[in-house]
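Asks: Pasting in a structure now, in structure tokens, and then I'll have a few things to ask.
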Amino acid sequence: MTPCVALLRGINVGGKNILSMKDLVVVFEQAGYQQVKTYIQSGNVVFQSAAQPVAADSTRLRSLIAAQHGFEVDVLLLSAAELQAVIAANPYPVDDGKVLHFFFLAAQPKTVDSERLQALSKASESFQLADGVFYLYAPEGIGRSKLAAGVEKVLGVPVTARNWNTVSKLESLLNAVD
């Protein structure tokens, strides 16, 4: 069995796309996954899969959620090894988990407008684009960060963001199901 994590984009945000974690567990179990666990209400799922996750798995989960709950959400799947590679590639300190953010990319951007990204960033912010993830270190928080708000538009691909505290907890949960 392969331990995996699913990152759902845009559930339980602003009163839209409401999905209880209990119902989310049921969806994953119906899809044939085992040892399904969720973390907080923002769509983080850890589970065991019989095989490495592929795009068809994301599509199937998105379809099941749409059929049972009436809305579509993007589902990004990563194996434990993929998440560990993202963590290992992180170039920033992890001492304050609320200021380090991982924007997981649904696809690789065709082009990257580095000048535009730099123009959006505050002097206190640092960022790095790596394989499948955009790292943002925002010591002043992301609530008023123009870069955090604009990264998806500039990169031209859907993203779903998690702070270090969440990524770290998901890693711990993956180790527990491994």
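If you want the working numbering, it's the position in the sequence shown, counting the first as 1, plus 761.
Ideal Cβ positions, reconstructed from N, Cα and C, are used throughout, including at glycine.
If you're wondering where the values come from, they're calculated on a predicted model, not measured in any experiment.
Can you tell me the Cβ-Cβ gap for Val807 and Val894, rounded? I've got them flagged as a contact below 8 Å.
Replies: Not confirmed; about 18 Å, so no contact.
Asks: Could you tell me the distance, in whole angstroms, from the CA atom of Gln813 to the CA atom of Gly804?
Replies: Rounded to the nearest angstrom, the two C-alpha atoms are 20 Å apart.
Asks: How would you label Glu886, buried or exposed, when you count the other beta carbons within 10 angstroms and need 16 or more for buried?
Replies: The residue in question, Glu886, is buried, as its Cβ has 16 or more Cβ neighbours within 10 Å.
Asks: Just reading off the beta strand (DSSP E) that Lys798 is part of, what are its end residues?
Replies: Residues Gln795 to Tyr800.
Asks: Looking at His862 and Asn924, is the spacing between their C-beta atoms short of 8 Å?
Replies: Cβ atoms of Asn924 and His862: closer than 8 Å.
Asks: My output table needs one value for Val774: the three-state DSSP class, helix, strand or coil.
Replies: Three-state result, Val774: strand.
Asks: Does the region 829 to 843 come close enough to the region 766 to 784 that 3 or more CB-CB pairs lie under 8 Å?
Replies: Contact between the region 766 to 784 and the region 829 to 843 is present, because at least three Cβ pairs lie under 8 Å.
Asks: Would you decide whether Ile903 is buried or exposed? Buried here means 16 or more other CB atoms lie within 10 Å of its CB.
Replies: Buried is the call here.
Asks: Using DSSP with H/G/I as helix, E/B as strand and the rest coil, what is Asn936?
Replies: Helix.
Asks: Distance, Cα to Cα, Lys907 vs Ala842?
Replies: One C-alpha to the other measures close to 32 Å.
Asks: Let me confirm a value: Thr944 is counted as buried when at least 16 other C-beta atoms fall within 10 Å, else exposed. Which label applies?
Replies: The structure shown has nothing for residue 944, since the chain only spans 762 to 939.
Asks: By the three-class DSSP mapping on this structure, what secondary structure does Arg905 have?
Replies: Coil at Arg905, not helix or strand.
Asks: Please determine, among Val787, Lys914 and Thr927, the residue with the shortest C-alpha to C-alpha distance to Leu881.
Replies: The option with the nearest alpha carbon to Leu881 is Lys914.
Asks: What is the C-beta distance between Gln802 and Met782, in whole angstroms, given that I count them as a contact (C-beta under 8 Å)?
Replies: Rounded, the Cβ-Cβ distance is 6 Å, consistent with contact.
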